[in-house]
Amino acid sequence: MTEYGHVLCLFCKTGKEQGVVQAINESGLGRAIYPQRIRRRYSKAHRGYEQERAPLLPGYVFVYLTDGTLAVEWRQLSGVIRALGYGEGGQDYLAGSDLAFADWLWQRDGAIEGVKVMEAGRRIEIVDSVF
1 MTEYGHVLCL FCKTGKEQGV VQAINESGLG RAIYPQRIRR RYSKAHRGYE QERAPLLPGY
61 VFVYLTDGTL AVEWRQLSGV IRALGYGEGG QDYLAGSDLA FADWLWQRDG AIEGVKVMEA
121 GRRIEIVDSV F
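Quick note: the sequence shown, position 95, residue 95 per UniProt numbering, numbers continuous.
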């Protein structure tokens with residue numbers, strides 16, 4: 001993967017994530033991914049384990065842009081509801097812990113296989129570095 005300058009998070013119609021990602025990647029506007037949970041499950045038909053993918057955050061697509069990317073009206077893309085931003089007139093680019101999460105997704109190309117967890121009393125806590 002190449003480097004990026006800014007990250008946007010688009011809120012989409014649930015189930016349309018893959019189509020939005022494909023449209024953005026084919027248009028050259030940026031590199032888009034949506035987080036996918038990958039788990040192994042046993043298949044009786046195949047007599048072995050196979051990978052199963054499902055959206056980790058249904059409806060969310062992360063768009064990685066270069067610094068020179070022009071403003072785009074994201075709602076014109078089929079399936080996009082809006083770009084998520086920070087308050088009235090706020091910047092749409094992710095920052096802080098949201099950006100750290102997007103960086104973590106970028107490093108894994110959106111594929112989340114396993115996350116380290118720890119039992120703390122009656123609770124289970126995620127202890128992976130980004131959380």
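Each residue gets a CB set at the ideal place from its N, CA and C atoms; glycine is no exception.
Using the Cα positions of residue i and residue j, report the straight-line distance between them to the nearest angstrom.
| i | j | result |
| --- | --- | --- |
| Pro55 | Tyr93 | 22 angstroms |
| residue 143 | Ala83 | A question about residue 143 goes unanswered here, because the residues of the chain that appear run from 1 up to 131. |
| residue 140 | Arg40 | Residue numbering for the chain in the displayed model covers 1 to 131; residue 140 lies beyond these limits and cannot be assessed. |
| Thr69 | Leu57 | 26 angstroms |
| Leu10 | Glu52 | 24 angstroms |
Quick one: give me the first and last residue of the beta strand (DSSP E) that residue i is part of.
| i | result |
| --- | --- |
| Ser78 | No beta strand (DSSP E) holds Ser78; DSSP gives it neither H nor E. |
| Gly68 | Per DSSP, Gly68 belongs to no beta strand (DSSP E) and is neither H nor E. |
Determine the burial state of residue i: buried for a count of at least 16 other Cβ atoms within 10 Å of its Cβ, exposed for fewer.
| i | result |
| --- | --- |
| Glu50 | exposed |
| Glu113 | exposed |
| Ala120 | exposed |
Tell me the residue span of the alpha helix (DSSP H) that contains residue i.
| i | result |
| --- | --- |
| Val21 | 17–27 |
| Gly96 | 96–107 |
Give the DSSP bridge partners of residue i, in chain order.
| i | result |
| --- | --- |
| Val63 | Leu8, Ala32 |
| Ala120 | Arg123 |
message: Is it the case that the stretch 97–112 contacts the stretch 35–53, given that we only count it when at least three CB pairs across the two stretches are under 8 angstroms?
response: Cβ pair count under 8 angstroms is three or more, so yes.
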